[in-house]
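Below: one structure, written as structure tokens.
Number of protein chains: 2
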Amino acid sequence: MTRRPKPPSARKPALDREEAAFLQRYDASAFPHPSVAVDVALLTADERGLRALVLRRDDHPHRGRWALPGTFVGMDEALDTAAMRALDQKGGLRGVFLEQLYTFGAPRRDPRTRVITVAYYALVDAATLDAALPASGGILAYLDVPWEGETGGPVSASGADRKNLRLAFDHQHILGAVVKRLRGKLDYSPIGYELLPERFTLRDLQRVHETILGRPLNKDSFRRRMLATGELESTGEREQDVRYRPAELYRVKNV
Amino acid sequence: MTRRPKPPSARKPALDREEAAFLQRYDASAFPHPSVAVDVALLTADERGLRALVLRRDDHPHRGRWALPGTFVGMDEALDTAAMRALDQKGGLRGVFLEQLYTFGAPRRDPRTRVITVAYYALVDAATLDAALPASGGILAYLDVPWEGETGGPVSASGADRKNLRLAFDHQHILGAVVKRLRGKLDYSPIGYELLPERFTLRDLQRVHETILGRPLNKDSFRRRMLATGELESTGEREQDVRYRPAELYRVKNV
DNA sequence: TTGCATATATGTATATCGCATCTAATATGG
DNA sequence: CCATATTAGATGCGATATACATATATGCAA
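Residue numbers (the working numbering), protein chains in the order written: chain E, 33 to 287; chain B, 33 to 287.
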């Protein structure tokens, strides 16, 4: 169908010209504004539990502490784009699951000046992250996920030696919010597969869900529930090089 | 128990002094930053459905369109505080249910300059809002909530004459996100009571839930489910001045 | 071949949900 | 005063989903 363009005068009433003039005069720097950043909690799962990428800060503030990958938001950059950029530049990863989490803006959360951070979380399988890890210069911290109960509060992180890592800013709270969000998502989605390779066993998926929820799940119910979502399908293949009976490998439909 | 203060030298290592010096030199205005605002979707429910407070914009940009109450975030103001302030100054309401929703930051969502808005939503009963409405200068717009399906997209608003209202900025998308959030919350919480007076009937609560979900609910299942949450209790009183059998009035426990 | 660890199937009790039916309370109209 | 309309609330039952237990099947190693 062909659109018949109306004369500009009909589509540009007086108000628009007035508004355009207003915009010309507008001075964005007339009063001070908080700065805006994004921080990304990049999670993966292995047999030892949930892990998150943290980077040692070389600069002030909080030099020497561990921080989630983040960056300031560019003047013409979408929030999602900034989060992807932080993930790419500081974690060396692209194309992974990424979703906005919550915006943290306590006035003194950054000692420099007022910085509001839009927190994101990203999920990736362990093999992909392991491959990208050396270039990032960061480490994977274990998340000490509390069993049961609420996790709106902070979640601490530990290094390979199980010693507690001091996180910068309010990043402990961001990790706590991620765990809480994931727990909510599990109720209606097998989201755990984002933390696994393309092909995985139902047992692997159950372990991921158990780690996130912090409690054991019934094997049969879990299997039925996952298959009932209709989001998974069998590949027909089986595990290789396992000591006992190899389990069937599944993948996510419609990818 | 008495705390024995350690000498300052033990608690203030060299790194902290170095960091303090860094903070002195830090210039927050070294590069341009987006502005940060909050917008609040203030919802209530009556027999005709969900309604939201919208205010006619007297100034540019989008002069003449309808907008959610909002404000820029002060330099030393928490996000929640800014949202409460917007609700108080532009809606005349305090102490209502308020929760952060999502942060919208598309680069061109505000024609003035880059403005990132942290969207909140607030829930209040119709009587309270009706009392505060005249002073606000705004109107209550009906939300045209789609039946079933996803509502991540925009939700349009209509005036008393059922004519579509042109909303400013991306406020249609904010309303869509509110509906989506509420639908998710209903699965595990009788959150609808926030939209009702202190004492309400189960039938009222069901109507609110049906409006939000956009589909009818089974009366008995709803009643059983609500009472099973343990969050409601009977007041022992009944409705007044109704035409047929008066229903029992309930309230939320632990308030 | 045997035993082990896991996958997969079957069975059962319990909880939940939807639907139908029944009773209760109130106003209205004769 | 009484029948009736209408809504509130309770009860019962079948279908479904879930947790838990048990049984069978599979593949590998010793």
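We put the beta carbon where it would ideally sit given N, CA and C, even for glycine. Keep in mind the model is a prediction, meaning the values are calculated, not measured.
Residues of chain E with a Cβ closer than 9 Å to the Cβ of V105 of chain B are, in chain order, H65, P66, G137, R146 and I148.
Straight-line spacing of the CA atoms in G123 of chain B and R256 of chain E works out to 49 Å. Taken residue by residue, none of the stretch 185-201 of chain E has a beta-carbon sitting less than 7 Å from a beta-carbon on chain B.
Counting along the chain, no beta strand (DSSP E) covers D120 of chain E; the unbroken alpha helix (DSSP H) around it starts and ends at L111 to G123. C-alpha of A159 of chain E to C-alpha of T76 of chain E: approximately 9 Å in a straight line. For A110 of chain B, the chain E residues whose C-beta falls within less than 7 Å of its own C-beta are G137, A138 and P139, listed in chain order. DSSP, reduced to helix, strand and coil, places D219 of chain B outside both helices and strands of the structure shown, so it counts as coil. Burial is judged here by how many other beta carbons sit within 10 angstroms of a residue's own beta carbon; E265 of chain E has fewer than 16 and is exposed.
Residue-level contact by beta carbon fails for Q272 of chain E and chain B, as no gap is shorter than 8 Å. Residues are counted here when their Cβ sits less than 7 Å from a Cβ of chain B; for the stretch 113-134 of chain E these are Q132 and Y134, given in chain order.
Between L175 of chain E and R117 of chain E, the C-beta spacing is not below 8 Å. The residue from B:Y225, B:A110 and B:R231 with its alpha-carbon nearest to that of R239 of chain B is B:Y225. Note: N196 of chain B is bridge-paired with B:S190 in the DSSP secondary-structure output.
When C-alpha distances from Y282 of chain B are compared across B:R247, B:S253 and B:P222, the shortest belongs to B:P222.
Here the stretch 122-142 of chain E does not lie against the stretch 184-198 of chain E, with fewer than 3 beta-carbon pairs under 8 Å apart. When only Cα atoms are considered, R215 of chain E and D90 of chain B end up about 44 Å apart. The three-state reading of DSSP puts L234 of chain B in helix, counting H, G and I together.
Within the same chain, G124 come within 7 Å of A167 of chain E by CB-CB distance, once the 5 residues on both sides are set aside.
Cβ contact annotation for D78 of chain E (same chain, cutoff 8 Å, sequence separation greater than five): A158, in chain order. Relative to the Cα of V150 of chain E, the nearest Cα in the group E:D112, E:L85, E:F129 and E:D120 belongs to E:D112. Boundaries of the alpha helix (DSSP H) harbouring R257 of chain B: K251 to A260, taken from the DSSP string.
DSSP places Y225 of chain B within a helical segment (H, G or I) once states are collapsed to three.
A direct Cα-to-Cα measurement between E230 of chain E and A114 of chain E gives close to 26 Å. For E242 of chain B and V128 of chain E, the gap between their C-alpha atoms comes out near 36 Å.
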